[in-house]
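Residues in the sequence shown are numbered consecutively from 1, following UniProt numbering.
Even glycine gets a Cβ: it sits at the ideal position worked out from N, Cα and C.
None of these values were measured; they are calculated from a predicted model.
The block underneath contains the structure these notes are about, expressed in structure tokens.
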Amino acid sequence: MSARLLIVGPPGAGKGTQAAVLADALGVPAISTGDIFRANIKEGTELGLKVQEIVSSGGYVPDSLTNAIVRDRLHQPDAIDGFLLDGYPRTRDQVTELDSILAETGSELNAVVQLVADPDEVVTRLLKRAEEQGRADDTEAVIRHRQDVYHEQTEPVIAAYKARGIVVEVDGLGSVDEVSERVRAALADVSIAF
Ligand code: B4P
1 MSARLLIVGP
11 PGAGKGTQAA
21 VLADALGVPA
31 ISTGDIFRAN
41 IKEGTELGLK
51 VQEIVSSGGY
61 VPDSLTNAIV
71 RDRLHQPDAI
81 DGFLLDGYPR
91 TRDQVTELDS
101 ILAETGSELN
111 AVVQLVADPD
121 EVVTRLLKRA
131 EEQGRADDTE
141 AVIRHRQDVY
151 HEQTEPVIAA
161 YKARGIVVEV
171 DGLGSVDEVS
181 ERVRAALADV
191 SIAF
């Protein structure tokens, strides 16, 4: 089905994990700005070199760079009829940009899935991922910094979407399957069934 969705939540809430499951079930592309930055860092592209230090330290990449990437990605043919954005928008300026991109195509967001998770539990998850994947931004100090940045810059984004009445809140604790089932049920409640 065609659906235009966002998934948001604090670092480690399970966004990337649930985005993959959800996008697959909906038949839309999952677009993760974090994955795009990591791929560019790995390949040593010009963008990768620009953002490497910012991402490793847990800060946000400047809106001008991030917005341009998402604008380009959303204009690709596979995203015209629907998409699941993972980790974007993360700032108020990015919300404004996404509104403008969608207005150009006469479309709008159907829902925002907010994953909620206890801060200490997510630190545990991310430290486990650090052992498995060795991500530069998964040390405890950087994770705590990412949580602070999320609180300052991304919670206002969620408030803005709540004011529009399109946020569905989902408990992110439990097994991956349990959380997926909660996401499915929460979206069914707002008539997004799959
Ligand atoms: P992201 O890639 O979005 O990083 P994240 O917040 O850690 O989420 P991620 O998707 O990786 O982890 P998840 O919660 O799924 O961003 C990384 C960086 O890129 C940012 O810090 C910033 O520098 C930059 N960036 C990205 N977007 C940007 C934007 N819009 N503007 C500016 N800068 C931007 O999963 C975490 C772990 O939990 C996984 O290991 C997973 O296996 C595990 N897990 C998931 N569900 C679980 C469950 N139910 N139980 C147990 N473990 C679970």
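By the 16-neighbour rule on beta-carbons within 10 angstroms, I41 is buried. In the three-state scheme derived from DSSP, where H, G and I count as helix and E and B as strand, S56 is classed as helix. For A39, the distance from the CB to the nearest heavy atom of the ligand B4P is not below 7 Å. Taking each of R38, P119 and Y60 in turn and checking the Cα distance to R144, the smallest one comes out for P119.
Going by C-alpha positions, A160 is about 24 Å away from H75. With a cutoff of 8 Å on beta-carbon distance, Y88 and V112 are scored as not near each other. Assignment of beta strand (DSSP E) within the region 2-51, counting only whole runs of 3 or more residues, yields 4-8 and 30-32 in chain order. For Q133, the closest of L26, A3 and R38 by C-alpha to C-alpha distance is R38. Rounded to the nearest whole angstrom, the CA to CA distance from L5 to A141 is 31 Å. Using a C-beta cut-off of 8 Å, the region 163-179 makes contact with the region 10-24, since at least three inter-stretch Cβ pairs fall below that distance. Checking the DSSP bridge columns, you'll see D86 partnered with I7 and S32. DSSP places L115 in no alpha helix (DSSP H) but in the uninterrupted beta strand (DSSP E) bounded by A111 to V116.
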